[in-house]
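Notes to accompany the following structure.
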Amino acid sequence: MSFPWAEEYRPKSGFMRWLDQRLPLPRLVYGAVGGGYPVPRNLNYFWNFGVLAGIALMIQIVTGIILAMHYVPYDQAAFRSVEHIMRDVNQGWLLRYLHANGAAFFFIVTYIHIFRGLYYGSYKAPRELVWMLGLVILLLMMATAFMGYVLPWGQMSFWASKVITGLFGAIPLIGEPVQSWLLGGYAPDQPTLNRFFSLHYLLPFVIAGVIILHIWALHIPGSSNPTGVDVKGPQDTLPFHPFYTAKDGFGLGVFLILLAAVTFFAPNYLGHADNYIPANPLSTPSHIVPEWYFWPFYAILRAFTVDFILGAKLWGVLAMFGAIVLLFFLPWLDPSPVRSGNYRPRFKQFFWILVLDILVLGWCGGLPAEEPYVMISQVATIYYFAHFLIILPILSWTEKTLPLPNSISESVLHGEEREAAPVDLSGVRPATAAE
Amino acid sequence: MATVEHSDGTLGGGPDGVSDAALRRRDFINIAAVSVAGVGAAVTLYPLVNQMNPSADVLALASIEVDVSAIQAGQAIKTIFRKQPLFIRHLTPPEIAAGMKMPGDLRDPQSLAERTAEGKPQWLITMGVCTHLGCVPLGAAEGENKGAYGGYFCPCHGSHYDTAGRIRKGPAPKNLEVPAYVFKSDTVVAVGEEA
């Protein structure tokens with residue numbers, strides 16, 4: 004697909020030849036995730052997370068379609084139908100816990116996938132569109148996860164839908180009409196629940212479609228790699244199958260073990276107890292927080308407390324959405340020609356400070372809006388924007404980068420003389436010369 | 152597969168030379184890993200399929216208790232058992248006598264005694280579901296067409312059932328189904344419970 008030395012698909016049987024001439028689906032698969040896709044030979048385990056995110060989406064779709072067989076999107080029955088799933092449906096508890104925790108794991112692997120891209124400069128030319136399509140997927144995931152969280156119609160569901168749609172109310176002039184358009188009323192109610200169910204069912208398939216574009220765009224230049232050096236020849240690559248199917252398979256095993264461990268032993272650890280109380284429009288829980296994967300953004304939202312030209316509420320909303328919109332411009336905010344953080348000593352330090360900063364934001368976002376957390380999240384919010392708007396552009400011009408390896412194969416074989424030395428084989432019978 | 156190709160990565164390729172059938176470490180890991188994944192995938196399918204079976208709340212309503220004391224001889228009631236109509240009919244002595252006979256035109260030969268509880272031939276308890284294509288036969292309520300044999304008549308395609316709920320004429324292949332039931336007392340019957 005991407006390189007001239009990519010192995011061509013050869014049908015193994017008469018039937019496959021027949022099929023290949025009419026519907027070359029096996030050829031497509033072979034070229035995308037089979038032996039026909041050459042991949043840099045030096046990928047580390049951080050390159051597992053794209054595949055893991057794809058599998059997490061499939062788990063969500065499978066368990067979600069099943070939950071939809073038992074769930075009722077009606078305000079008087081939604082909560083009860085979820086309890087019905089938990090208590091009455093055969094293994095319904097397992098499927099719902101898998102769906103709830105699967106969402107959390109989907110975000111975990113996606114966030115690691117994004118940080119992988121940030122560290123190794125995967126967003127840089129010629130992969131800008133891969134990066135931007137990925138951000139579109141992230142936004143779709145957030146919308147999907149939010150609407151899914153509303154469906155059980157518990158206290159957290161109800162108030163999350165009220166608060167999040169309230170964000171749109173901050174838009175000047177059209178805010179209020181937009182909010183009541185989203186809700187289908189003046190407050191979250193039956194119309195809200197019903198449309199969120201419809202969209203929650205739809206969006207995962209939109210995500211799947213954008214993932215196809217994401218992979219398509221990726222396979223034009225081929226995968227990036229930990230050195231950030233371009234592939235120069237066949238000695239730099241390995242076929243995706245069996246080398247990376249095996250490596251991804253191992254990562255998948257670890258991922259599934261962790262998902263199963265949380266699902267079976269701490270299924271509600273990542274959730275919130277208040278969502279087991281049916282929605283009550285007359286009483287707000289004392290401390291409402293979104294799911295953990297929204298905490299950093301929630302902290303940015305709440306960091307704005309003073310009116311300045313625009314109202315504080317609008318600033319918070321703009322900053323929260325801006326935190327992601329900003330990332331669309333990342334390929335141009337960081338024009339350094341060196342991709343990988345491994346060869347950018349200063350960038351590397353600031354990368355880890357950014358990771359820490361986002362963790363701090365997440366920590367603040369999960370806590371009540373009280374001092375000192377508001378002040379901490381204000382500082383962290385300023386730093387977040389400063390990282391992308393000030394530090395990265397300056398770094399890309401001033402930083403002294405380390406020398407890059409001449410090629411991927413050279414970087415892989417840096418110890419080649421030692422490795423190529425004959426092993427002491429005394430006492431071991433040499434292989435029988437088969438041919 | 153299990154042949155020695157290289158001396159490295161070979162188990163059992165010792166100096167004694169017993170290595171022709173030796174298993175390569177890589178093959179072993181491959182087969183073991185794929186087997187575990189395959190078994191895991193198969194086990195995972197079970198909840199995905201089983202969730203569509205009747206849930207606990209449905210099974211909880213799988214048996215009902217009916218008080219039959221108010222049904223006079225010659226009358227019948229319709230009730231609902233497992234979301235389908237159930238006919239409970241108090242047969243008159245002539246109807247019992249007709250049901251006990253075994254005429255030659257029975258398509259699904261059974262006598263009334265086989266189709267009722269022991270010692271209670273007057274209580275004909277059948278599903279109100281025609282065995283042809285599932286319509287509800289007439290004949291349980293007062294004034295309904297009981298068919299040519301005085302039992303039930305299905306208006307959809309004209310199946311006639313006699314006073315033992317046996318198919319006598321028309322397209323239905325079987326007698327009306329008799330569900331499992333037990334008499335808890337002389338007047339209370341628990342339908343859906345095995346005797």
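For the record, the sequence lines run as chains A and B. Start counting the first sequence at 4; every next residue gets the next number (my numbering). Start counting the second sequence at 152; every next residue gets the next number (my numbering). Ideal Cβ positions, reconstructed from N, Cα and C, are used throughout, including at glycine. Here the structure is a predicted model, which means the values were calculated and not measured.
Residue 199 of chain B reaches chain A at 65, 66, 69, 94, 98, counting residues in chain order whose Cβ is nearer than 9 Å. A Cβ-Cβ distance of about 4 Å is found for the pair residue 411 of chain A and residue 239 of chain A, placing them in contact under the 8 Å criterion. When DSSP states are grouped into helix, strand and coil, residue 223 of chain A belongs to the coil group.
Approximately 4 Å separates the beta-carbon atoms of residue 296 of chain A and residue 110 of chain A; this is inside 8 Å, confirming the contact. Listed as beta-bridge partners of residue 216 of chain B by DSSP are B/341.
The three-state reading of DSSP puts residue 242 of chain A in strand, counting E and B together.
Residues of the segment 79-91 of chain A with a C-beta atom less than 8 Å from some C-beta of chain B are 87, 90, 91, listed in chain order.
The beta carbons of residue 343 of chain B and residue 206 of chain B sit no closer together than 8 Å. Residue 188 of chain B and residue 241 of chain A have their C-alpha atoms spaced approximately 24 Å apart. Its chain contains 124, 231, 347, 404, 407 as the residues whose beta carbon lies nearer than 8 Å to that of residue 341 of chain A, once the 5 sequence neighbours on both sides are disregarded; these appear in chain order.
When Cβ pairs closer than 8 Å are counted between the two stretches, the segment 233-246 of chain B is seen not to touch the segment 121-137 of chain A, the count staying below three. Residue 332 of chain A carries a coil assignment under DSSP once its states are collapsed to helix, strand and coil. The C-beta separation of residue 94 of chain A from residue 201 of chain B comes to about 6 Å, placing the pair in contact by the 8 Å criterion.
In this model, residue 42 of chain A and residue 178 of chain B are separated by some 23 Å (Cα to Cα). In its chain, beyond the 5 residues on either side, 311, 319, 320 have a beta carbon closer than 8 Å to the beta carbon of residue 299 of chain B. Taking 8 Å as the CB threshold, residue 207 of chain B lines the interface with chain A. Three or more Cβ pairs drawn from the segment 276-287 of chain B and the segment 323-333 of chain B lie within less than 8 Å of each other, which places the two stretches in contact.
Shown here for residue 333 of chain A: same chain residues with a beta carbon closer than 6 Å to its own, the five before and five after excluded, namely 126 in chain order.
In the displayed model, residue 222 of chain B falls within coil according to three-state DSSP, outside both helix and strand. Setting aside the 5 residues that flank it on each side, residue 343 of chain A is surrounded in the same chain by 123, 124, 229, 230, 231, each with a C-beta closer than 7 Å to its C-beta; the list follows chain order. Residue 141 of chain A places its beta carbon 8 Å or farther from that of residue 199 of chain A. According to the DSSP secondary-structure assignment, residue 230 of chain B is paired through a beta bridge with B/237. In this structure residue 310 of chain A is exposed. Its beta-carbon is surrounded by fewer than 16 other beta-carbon atoms within 10 angstroms.
The residue among B/296, B/181, B/334 with its C-alpha nearest the C-alpha of residue 270 of chain B is B/334. Rounded to the nearest angstrom, the Cβ distance from residue 185 of chain A to residue 168 of chain A is 5 Å, consistent with a contact under 8 Å.
Inter-residue distance for residue 18 of chain A and residue 249 of chain A is about 28 Å (C-alpha atoms, whole angstroms).
Using a 10 angstroms sphere on the CB of residue 15 of chain A, the tally of other CB atoms stays under 16, which defines it as exposed. Within chain A, the residues placing a beta-carbon under 7 Å from that of residue 204 of chain B are 93, ordered along the chain. Burial check for residue 165 of chain A: the Cβ neighbour count within 10 Å reaches 16 or more, so the residue is buried. Taken atom to atom, the span from the alpha-carbon of residue 378 of chain A to that of residue 245 of chain A is near 51 Å. Beta-bridge partners of residue 311 of chain B (DSSP): B/304, B/320.
Assignment of alpha helix (DSSP H) within the segment 308-380 of chain A, counting only whole runs of 4 or more residues, yields 315-331, 333-336, 348-368 in chain order. Setting aside the 5 residues that flank it on each side, residue 38 of chain A is surrounded in the same chain by 10, 242, 244, each with a C-beta closer than 6 Å to its C-beta; the list follows chain order. A residue is called buried when at least 16 other Cβ atoms come within 10 angstroms of its Cβ; residue 390 of chain A meets this threshold and is buried. Shortest Cα-Cα distance from residue 60 of chain A to any of A/178, A/172, A/112, A/285 involves A/112.
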